[in-house]
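Inspection log for the structure reproduced underneath, given as structure tokens.
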Amino acid sequence: MAEPTPAQTVGPFFADALPYPGDRLLLAPGTPGAVRLHGTVRDGAGEPIPDALVELRQADAAGRVPRVEGSLHRDGRFTGWGRAATDGGGRFHFWTVEPGGVEGGAAFFALTVFARGLTERLFTRAYLPGEQDVFLDGLPEGERRTLQTVREDDGSLRFDVRLQGEGETVFLRFPGHHR
Amino acid sequence: MATQLESQSVISEEIARVHAAMLERPGGAPQPLTDFPPYRSSVLRHPTQDQRHADPEGVELVAPVFGHSDVDTVEADLTIQHAGEPIGERMVLTGRVVDGEGRPVRRQLVEIWQANAGGRYVHKRDQHPAPLDPHFTGVGRCLTDDEGHYRFTTIKPGPYPWRNHHNAWRPAHIHVSLFGHEFTQRLVTQVYFPGDPLLALDPIYQSLSDPAARERLVAAYDHDLTTHEWATGYRWDVVLTGSHATPLQRPSDREDDHG
């Protein structure tokens with residue numbers, strides 16, 4: 001089996017290349033059932049990271065995984081994928097639907113995090129409030145909390161990402177991924 | 001007064017120390033070290049806890065899908081995006097994308113971005129006092145074909161200075177973003193050029209402690225790709241990580257069944 005091509009950091013200059021109009025709008029804001037998923041990406045000193053990029057993959061509300069093209073020109077299609085660069089305050093957001101669990105599994109958003117200074121992408125999960133599964137249950141309470149979205153008073157979902165330090169987000173390694 | 005920046009020799013010694021320590025570790029290191037102090041920006045941005053092992057499920061088994069409604073074929077040519085021709089060495093970058101099992105990654109999105117021939121990015125944060133090229137943005141996209149091939153026409157990027165340490169210069173490189181069959185196969189990396197003397201000095205390239213892994217990021221000059229009186233040619237193939245889905249879950253395999 002061929003060895004995998006290694007990763008390198010996304011660097012500081014992706015902002016003119018990877019973001020595109022509508023990248024974070026899986027649904028138009030204000031669409032019935034639309035929810036805002038948002039958070040802040042922070043470093044080991046607790047400082048917001050203004051040059052991070054978050055990508056999101058999710059099922060639709062019924063737990064079906066879209067295999068639909070059109071994320072770059074959505075034209076009303078729900079593709080279950082989006083991308084959001086952080087702003088000057090390290091904040092990112094998506095407008096989307098709350099996913100259903102796939103094939104009876106717990107409901108979560110799958111996220112990938114990139115940043116200048118981060119030499120390879122990181123995977124994590126943002127579970128809907130109250131969701132449980134074997135993976136989540138197997139984590140100590142402090143770590144589990146880092147994977148749970150929080151329902152805000154305005155109905156939105158908050159998911160903060162901490163790359164390092166207190167409350168460091170649990171990142172995932174899948175089988176076959178070297179470390 | 002600005003912080004005193006370390007010299008290249010201090011950074012190079014740090015790189016050599018980390019590489020020597022990694023040699024002691026069994027199993028090699030095919031991916032970059034996330035904790036790699038010679039790359040100063042990594043110090044506060046790498047996780048300190050071990051990544052948690054997880055079996056991919058649901059959405060994690062399915063990459064996003066892209067198609068011709070997403071990407072126009074002209075986006076693969078970075079030299080025709082403006083009214084005039086960009087300055088620099090016109091070149092082709094092409095290769096094949098396969099997954100860890102060697103299956104071609106078909107009709108999938110490849111994105112690139114890069115500096116111009118003078119080593120300057122369009123990005124507003126790039127302060128390098130080299131000229132912008134009004135005819136070059138340095139951003140391209142394409143879809144792989146049915147055998148997993150991608151192809152871009154562009155301008156060979158120049159090296160550029162950065163502030164990791166005193167007199168720090170990045171080797172010429174093109175940033176590449178790739179998707180596979182599964183969400184877990186996502187890859188963002190950089191492709192370099194053969195014989196670049198800056199490679200040995202660069203803490204980003206050297207965040208790969210394994211020389212064989214570093215070599216996989218260097219494109220090969222291929223004279224058969226070079227075209228008469230037009231462009232030089234570079235070949236760079238990509239292998240993504242292995243897949244997890246069973247054969248029945250793989251859309252590309254299902255398509256094979258239908259011819």
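Read top to bottom, the protein sequences are chains A and B. Per the working numbering, residue 1 is the first one in the first sequence, and the count goes up by one each step. Per the working numbering, residue 1 is the first one in the second sequence, and the count goes up by one each step. Don't be surprised by glycine CBs; every beta carbon is placed ideally from N, CA and C. Nothing here was measured: the structure is a model prediction, and the numbers come from that model.
According to DSSP, is residue 168 of chain B part of a helix, a strand, or is it coil?
Reading the second sequence from its first residue, position 168 is the one you call residue 168 of chain B. Residue 168 of chain B: strand per DSSP, three-state reduction.
For the beta strand (DSSP E) holding residue 84 of chain A, just list the boundary residues, first then last.
By 1-based counting over the first sequence, the position of residue 84 of chain A is 84. Membership of residue 84 of chain A in the beta strand (DSSP E) is indicated by the continuous run 81 to 85.
Does the Cβ of residue 159 of chain A have 16 or more other Cβ atoms within 10 Å, making it buried, or fewer, making it exposed?
Here residue 159 of chain A refers to the residue found at position 159 when the first sequence is read from its first residue. Counting Cβ neighbours within 10 Å, residue 159 of chain A comes out buried, since at least 16 surround it.
Under 8 Å between C-beta atoms, does residue 43 of chain A make it to chain B?
Against the first sequence, residue 43 of chain A aligns to sequence position 43. Judged by the 8 Å Cβ criterion, residue 43 of chain A is in contact with chain B.
Buried versus exposed, by CB contacts within 10 Å (16 or more), residue 256 of chain A
Look at the range of chain A in this structure, 1 to 179, and you will see that residue 256 of chain A is not part of it.
Residues of chain B with CB under 7 Å from residue 59 of chain A, in chain order?
In the first sequence, the residue the question calls residue 59 of chain A occupies position 59. What residue 59 of chain A touches in chain B: 58, 59.
CA-CA distance, residue 21 of chain B and residue 87 of chain B?
Here the question's residue 21 of chain B lines up with position 21 in the second sequence. Here the question's residue 87 of chain B lines up with position 87 in the second sequence. Straight-line Cα distance between these residues: approximately 44 Å.
DSSP-derived helix/strand/coil call for residue 211 of chain B:
For this step, residue 211 of chain B is matched to residue 211 along the second sequence. Reduced to three states, the DSSP call for residue 211 of chain B is helix.
Any beta carbon of chain A sitting closer than 8 Å to that of residue 239 of chain B?
As a working note, residue 239 of chain B is residue 239 in the second sequence. It does: the Cβ of residue 239 of chain B has a partner Cβ on chain A nearer than 8 Å.
Rounded to whole angstroms, how far is the Cβ of residue 16 of chain A from the Cβ of residue 84 of chain A, which I believe are closer than 8 Å?
Taking the first sequence and counting its residues from 1, the one referred to as residue 16 of chain A is at position 16. Taking the first sequence and counting its residues from 1, the one referred to as residue 84 of chain A is at position 84. With a Cβ gap of about 16 Å, residue 16 of chain A and residue 84 of chain A do not count as contacting.
Anything in chain B within Cβ reach of residue 98 of chain A, meaning under 7 Å, just list it in chain order.
For the purposes of this step, residue 98 of chain A is taken as residue 98 along the first sequence, with counting starting at 1. Those within 7 Å of residue 98 of chain A in chain B number zero; the least Cβ separation is about 13 Å.
Between the alpha carbons of residue 71 of chain B and residue 115 of chain A, how many angstroms are there, rounded?
Your numbering for residue 71 of chain B matches position 71 in the second sequence. Your numbering for residue 115 of chain A matches position 115 in the first sequence. So the alpha carbons of these two residues sit roughly 25 Å apart.
Can you find the residues in the same chain that come closer than 6 Å, C-beta to C-beta, to residue 71 of chain A, ignoring five residues on each side of it along the sequence?
As a first step, residue 71 of chain A is located in the first sequence; it is residue number 71 there, counting from the start. Excluding sequence neighbours, residue 71 of chain A sits near 79, 81.
Nearer than 7 Å: is that true of the beta carbon of residue 18 of chain B relative to any heavy atom of the ligand ZN?
Ligands in the displayed structure: none, and consequently the ligand ZN is not present.
Going along the chain, which unbroken runs of the beta strand (DSSP E) with 3 or more residues stay wholly within the stretch 69 to 151 of chain B?
90 to 98, 109 to 114, 139 to 143
To the nearest whole angstrom, what separates the beta carbons of residue 220 of chain B and residue 234 of chain B, a pair I think is in contact under 8 Å?
Sequence index remark: in the second sequence, residue 220 of chain B carries index 220 (1-based). Sequence index remark: in the second sequence, residue 234 of chain B carries index 234 (1-based). With a Cβ gap of about 7 Å, residue 220 of chain B and residue 234 of chain B count as contacting.
Comparing C-alpha positions only, which one of B/134, B/76, B/189, B/126 sits nearest to residue 161 of chain B?
Locating residue 161 of chain B in the second sequence gives position 161, counting from the first residue. Here the closest residue by C-alpha is B/126.
Quick one: does residue 184 of chain B have its CB under 8 Å from some CB of chain A?
As a working mapping, residue 184 of chain B is identified with position 184 in the second sequence. Output row for residue 184 of chain B: interface = yes.
Decide if residue 15 of chain B is buried, meaning its Cβ has at least 16 other Cβ atoms within 10 Å, or exposed.
The residue labelled residue 15 of chain B in the question sits at position 15 within the second sequence. Buried, because 16 or more other Cβ atoms sit within 10 Å of the Cβ of residue 15 of chain B.
How about residue 109 of chain B and residue 143 of chain B: do their beta carbons lie closer than 8 Å?
Here residue 109 of chain B refers to the residue found at position 109 when the second sequence is read from its first residue. Here residue 143 of chain B refers to the residue found at position 143 when the second sequence is read from its first residue. Against a cut-off of 8 Å, the Cβ pair of residue 143 of chain B and residue 109 of chain B comes out as a contact.
With a Cβ-Cβ cutoff of 8 Å, do residue 30 of chain B and residue 3 of chain A count as a contact?
The count along the second sequence starts at 1 and reaches residue 30 of chain B at position 30. The count along the first sequence starts at 1 and reaches residue 3 of chain A at position 3. Cβ distance < 8 Å, so residue 30 of chain B and residue 3 of chain A count as in contact.
Per DSSP, what are the beta-bridge partners of residue 115 of chain A in this structure?
Within the first sequence, residue 115 of chain A is the residue found at index 115, counting from 1. According to DSSP, residue 115 of chain A bridges with A/52.
Do you know how far the Cα of residue 194 of chain B is from the Cα of residue 97 of chain A?
For the purposes of this step, residue 97 of chain A is taken as the residue at position 97 of the first sequence. For the purposes of this step, residue 194 of chain B is taken as the residue at position 194 of the second sequence. Looking at the backbone, the Cα of residue 97 of chain A and that of residue 194 of chain B are separated by about 47 Å.
Could you pull out every residue in the same chain whose Cβ sits closer than 6 Å to the Cβ of residue 104 of chain B, ignoring the five residues on either side in sequence?
Taking the first residue of the second sequence as 1, we reach residue 104 of chain B at position 104. Excluding sequence neighbours, residue 104 of chain B sits near 98, 147, 148.
Residue 50 of chain A and residue 101 of chain A - do their beta-carbons sit closer together than 8 Å?
As a first step, residue 101 of chain A is located in the first sequence; it is residue number 101 there, counting from the start. As a first step, residue 50 of chain A is located in the first sequence; it is residue number 50 there, counting from the start. No.
When you compare the stretch 127 to 141 of chain B with the stretch 181 to 188 of chain B, are there three or more beta-carbon pairs, one atom per stretch, that lie closer than 8 Å?
no
Does any CB atom of chain A fall closer than 8 Å to the CB of residue 113 of chain B?
Numbered from 1 along the second sequence, position 113 holds the residue referred to as residue 113 of chain B. Output row for residue 113 of chain B: interface = yes.
Does the beta carbon of residue 191 of chain A come closer than 8 Å to any beta carbon on chain B?
Outside the shown range of chain A (1 to 179) lies residue 191 of chain A, about which nothing can therefore be said.
Best match in A/128, A/7, A/86 for proximity to residue 99 of chain A [C-alpha to C-alpha]
Here the question's residue 99 of chain A lines up with position 99 in the first sequence. Closest option to residue 99 of chain A, Cα to Cα, is A/128.
Residue 107 of chain B versus residue 152 of chain B: straight-line alpha-carbon distance, rounded
Residue numbering aside, residue 107 of chain B sits at position 107 when the second sequence is read from its first letter. Residue numbering aside, residue 152 of chain B sits at position 152 when the second sequence is read from its first letter. Cα to Cα, residue 107 of chain B sits roughly 15 Å from residue 152 of chain B.
To the nearest angstrom, report how far apart residue 117 of chain B and residue 66 of chain B are at their CA atoms.
Residue numbering aside, residue 117 of chain B sits at position 117 when the second sequence is read from its first letter. Residue numbering aside, residue 66 of chain B sits at position 66 when the second sequence is read from its first letter. C-alpha separation (whole angstroms): 30 Å.
Which residues of the stretch 134 to 164 of chain A have a Cβ closer than 8 Å to any Cβ of chain B? Give them in chain order.
135, 139, 143, 163, 164
Within its chain, find whatever has a CB closer than 7 Å to the CB of residue 220 of chain A; leave out the 5 residues flanking it on each side and keep chain order.
For residue 220 of chain A there is no data in the structure shown, the boundaries of chain A being 1 and 179.
To which residues of the same chain is residue 84 of chain B closer than 6 Å at the C-beta, ignoring the five residues directly before and after it?
Here residue 84 of chain B refers to the residue found at position 84 of the second sequence. Excluding five sequence positions before and after residue 84 of chain B, the CB atoms of its chain that fall closer than 6 Å to its own CB belong to 135, given in chain order.
Among B/216, B/164, B/245, B/145, whose alpha-carbon lies nearest the alpha-carbon of residue 11 of chain A?
Translated into positions along the first sequence, residue 11 of chain A becomes position 11. Ranking the options by Cα distance to residue 11 of chain A, first place goes to B/164.
Under DSSP, the alpha helix (DSSP H) around residue 190 of chain B begins and ends at which residues?
As a working note, residue 190 of chain B is residue 190 in the second sequence. Counting along the chain, residue 190 of chain B falls outside any alpha helix (DSSP H), though it belongs to the beta strand (DSSP E) covering 187 to 192.
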